[in-house]
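Since the structure comes first, as structure tokens, the remarks are kept for the end.
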Amino acid sequence: MNTLKISAITFGLLSTIVLVLLIGIVAYLFSPHGSTQDELALAIEILVPFPSILQPKPETRLAFGAVVAGLPLIALASALAAKRIGLVNKASLIDLGLFATGVAGAIFTLRSDPVLPSAGLSKAEFTLSALGGVVLALVSQRYPTAASKKVRIGTTFTLCLSGVFLTFALRVFDYNYVTAETAHLGAYLYSINQTVLGGTCLNDVVTQYGCYGEFYRPIFGLIDLSIYNLTLVNAALQSSALVAVLVFSSFLIARPVTLVAFSVWAIMCLYRIDPSVYDVYFQYTPLRFLFPALSLLMAMWWCRAPCLMKATLIGVFSAAAIFNNLDSGAVVAVALGTLIFLSSIGLDRNSAMKMGWFALAYSLAVFGSLFAIQALLSYRSGVPVDLAAMSLYAKIFAGSGFMMLPTPKPPSAWTLAAFTAAASAAVYSLRVVQGRASARDHLLAYSTVLGIGLFSYYLGRSHPFVLPLCIWPLMIAAFAMLDALSLYQGPWGATLRAGSLIMVGFLVLAASIVIVRVAPPIVTMAATRWQQIGKMSPMSPVAEDIAFIRSNVSASESFEVLAVHQATIYSEMHKRSNLPGPGVAEILLRRDADNLIKALVEEGPSNLFIDRELLERQPLLMNTSSWLEQSMPTLHHTYALKSWSKGNRLMHLVRKPFAGEDLFETHPTCATVPHSSASPICYRYNIDLGSFVGPNGRKSPFPFDIAPTSPNGAFSLGLVVVPDGKQVAYSTIASSHCCSFQGFVVHALPGDRSEYVLTVGNGAQWLTSEPFHLKDQQPNAISIKYQNEVLALNLDGSEVARIHAKMEPSAVGLTVGDWFARSRTFSGRIDEAWYLNQ
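If you count the sequence shown from 1, position 34 lands on 34 in my numbering, and the numbers rise without skipping.
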């Protein structure tokens, strides 16, 4: 009890000293040691394929930091001002104002954001959803109170069970499913494979996303590592995280219909329910989702009965989150620390001081656990390990702007997330000023703080796919506030209840329409994945590559693989690479590429297998310069090309001296077409040959690159297309577009497969035309022209699409019949294609 009698001045001084020490520890852990490099020097070291891939965003980071620091102060100041002028006792007016502002902002954003209209509801579907919301509001007025505990538990259990089923249905597959569309898998899997087979993170395993491989080590010590087993384990982890989110949400959301609306939208966002998206993207789910989701349960556990033991254990949990993935782990650590601080608000002096000791115990547990982890890794590897190395890739991406994307100017979808954070902070501040902040309010504030932290992912790389993956905590806050309004019984209660229930009903109906629209291809995709498991598919490139390697390498011979699916091949063959540094998919720095080539030349394996596609398309597949292709003359001094796999995809090189014929000089490659030409480049379909014939008179495969580099300036493109009515989502007629809002594309929409749009990237966002229709089984003459920052499309002589925009030059070439990743092939015939770069 004596510790609680320390004076406020002494305690404040002690807290300040501890805070300074902790900041110093953080600075030591995550600052570069040795010679410091500025952002320009770091950029020079990166294997940059094209200049526009570097987009530093210091002003965005500064603005985000200022807003995050200022938000609680502004919210609290506003609440105090409301109390002073007497509005604090008229919370219904404030709630009504926030609700009306939110609805108006949502409508304005839906109308103004260039991305949402093309991917959202039609006018008829929007109207139907709105009418459904009105009906729900009228029905729910008969039930002004929350559902019984039994009903809420039953609803939560059903949602959890459905979520687990959906997770295993959509996210389990084996190596047969690994294609170009799952290219992100390699960067995630390589470090797991290296760690599970004996490596140590931060020593001989260099990883981009954290030391998560160490958590998989005990699991795959019991079962073999393979794509199938990995996806099963990840499905279990993802299910656990999703259940944690739903259980936490059920505590904040009382109405079952609101909980259902939240759950459906959260799952659609987290699982990227889109038939055109085949990449499960483990880097986000479960990697960046698991610990933030589990932290919700930690927050609930803390709020029930704070104590010293809980503070310590939660600190250990936060350290594990940081070790797993620095990005999400740091957010979890800060959010949980903030929750412990918020728990002291409104308490008496002694209780508040006790919370201060809890906060101190939490901080010491976090950093003590990190030092213990560092010591354990150092002991295992036999050399000192530096935890600061976990921040290497963060410095590459954030410092130089590598693969960063600019944040769209408001109004945009992200502004809705920002408004939710501001509204939640305002509501919490009101509760604090009123002196009635409850455990529910603390948890609402926790989800907001967590959401603001995870929102930083999107500010770094403002891609439309990233936003839904990082705003789920703010979605909890938004639906919890809607639910509270739907049960409000004070002044203006009827208006607030009706308005919030209309919004909930609209969201339920809109989600149902989206699900009905995407369900058939999603079900087909899931069924295909499960049917392929365990079968040796003749169409599987990974299976063919593994069979080719095994047929050419004996058990006593050494080999290495440099391929797009390097990590998948290694994991299926239970092989750990002996090459230094990261895997091919994670090599971003020139020194790592040089070290790999040096190791191959000086002490490399007797057999080396190189992916031809990686050689020829490295800038497109890996977003790095063609360092491997540039290193082939060096490798040729040491290795001879012995043979090719089926389809000339995998090269088998053997270490010299080699008695057989060296096939290096017969490397098959397509003749390049000059980019600038006085006359159009023409391709025509030859029925007798059953193939396209290019300008050199040679047969050309379909789809094909009509220009090796993207149009940069005025150009014209003409096509005669005959759709067969069997298009997949986003079937592409012509494309130069890439992931950084570059180039243009003409493709089919996911819904009506005879409906197409023209889309162009201006470097900051995608701009999409109104839809137009093509006639199935009939020739459609398409002419596309870009001049004076206007991109126009004529169909059979009439203009059907026009976009005013300065097109950002793309990193990829101009492809006819697909896009650069070759996964959205046009179904039907393209009888003629011509291109003129003006």
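Even glycine gets a Cβ: it sits at the ideal position worked out from N, Cα and C. The model shown is predicted, which means the values in this text are computed figures rather than measured ones.
Secondary structure of residue i, DSSP reduced to three states
| i | result |
| --- | --- |
| VAL172 | coil |
| GLY743 | coil |
| ASP611 | strand |
| TYR428 | helix |
| ASN578 | coil |
| TYR281 | coil |
| ASN234 | helix |
| TYR190 | helix |
| ILE322 | helix |
| ASN712 | coil |
| MET403 | coil |
| THR759 | strand |
| ASP831 | strand |
| TRP302 | helix |
| LYS785 | strand |
| GLU661 | coil |
| SER643 | strand |
| ARG461 | strand |
| LEU733 | Per the sequence presented here, residue 733 reads as Ile, with Leu not at that position. In this structure, ILE733 counts as strand in the three-state DSSP scheme. |
| HIS636 | helix |
| ASN837 | strand |
| CYS201 | strand |
| ILE533 | coil |
| GLY315 | helix |
Rounded Cβ spacing between residue i and residue j (contact assumed at less than 8 Å)
| i | j | result |
| --- | --- | --- |
| TYR756 | PHE772 | 6 Å |
| LEU467 | ALA413 | 6 Å |
| LEU469 | CYS201 | Not quite, the Cβ-Cβ distance comes to about 24 Å (not below 8 Å), so this is no contact. |
| LEU252 | LEU496 | Contact doesn't hold; Cβ gap of about 17 Å is too wide. |
| MET298 | PHE323 | Actually they are not in contact, since the Cβ atoms of MET298 and PHE323 sit about 16 Å apart, beyond 8 Å. |
| ILE784 | LEU793 | 5 Å |
| ALA477 | SER447 | 5 Å |
| PRO703 | ASP818 | 4 Å |
| PHE455 | LEU588 | Rounded, the Cβ-Cβ distance is 25 Å, inconsistent with contact. |
| ALA734 | LEU719 | 6 Å |
Classification of residue i by the beta-carbon crowding that lies within 10 angstroms, buried from 16 upward
| i | result |
| --- | --- |
| HIS33 | Bear in mind that the predicted position of HIS33 carries a pLDDT of just 40, short of 50, making it unreliable; the figure below should be weighed with that in mind. So HIS33 ends up on the exposed side. |
| SER35 | Low per-residue confidence applies at SER35: pLDDT is 38, beneath 50, and the placement is therefore not dependable, though the value from the model is reported in the following sentence. Exposed: under 16 other Cβ atoms inside 10 Å. |
| TRP627 | buried |
| ASP867 | Outside the modelled stretch of the chain, which goes from 1 to 838, sits residue 867, for which no answer is possible. |
| SER191 | buried |
| LEU507 | buried |
| ILE830 | buried |
| SER556 | exposed |
| VAL516 | exposed |
| GLN489 | exposed |
| TYR570 | buried |
| ILE340 | buried |
| TYR216 | buried |
Check whether residue i and residue j have beta carbons under 8 Å apart
| i | j | result |
| --- | --- | --- |
| LYS362 | GLY329 | According to the sequence shown, residue 362 is Tyr rather than Lys. No, they are not a contact pair. |
| TYR639 | PRO711 | no |
| ALA333 | VAL449 | no |
| GLY828 | VAL745 | no |
| ASP611 | VAL564 | yes |
| LEU596 | LEU579 | yes |
| ALA511 | ALA261 | yes |
| ALA266 | ARG171 | no |
| LEU641 | PHE664 | yes |
| GLY186 | GLY583 | yes |
| THR815 | ASP705 | yes |
| SER716 | LEU836 | yes |
| ILE227 | VAL178 | yes |
| VAL134 | ILE502 | yes |
| SER460 | PHE397 | In the sequence as displayed, the identity of residue 460 is Gly instead of Ser. Taking 8 Å as the Cβ cut-off, GLY460 and PHE397 qualify as a contacting pair. |
| GLY505 | LEU767 | no |
| GLY813 | SER736 | yes |
beta-carbon residue i near the ligand SAH non-hydrogen atom, thresh 7 Å
| i | result |
| --- | --- |
| LEU370 | Here there are no bound small molecules, and the ligand SAH is not part of this structure. |
**Report entry** Stretch pair the region 231-243 + the region 290-301: three plus CB contacts closer than 8 Å
**Finding:** With the cut-off at 8 Å, the region 231-243 and the region 290-301 touch.
Query raised in the report: For the region 648-665 against the region 602-610, are there 3 or more C-beta pairs whose distance is under 8 Å?
Result: yes
Query raised in the report: Three or more C-beta pairs closer than 8 Å, one from the region 426-441 and one from the region 788-808: is that the case here?
Result: no
Query raised in the report: Between the region 122-130 and the region 486-496, do three or more beta carbon pairs fall short of 8 Å?
Result: no
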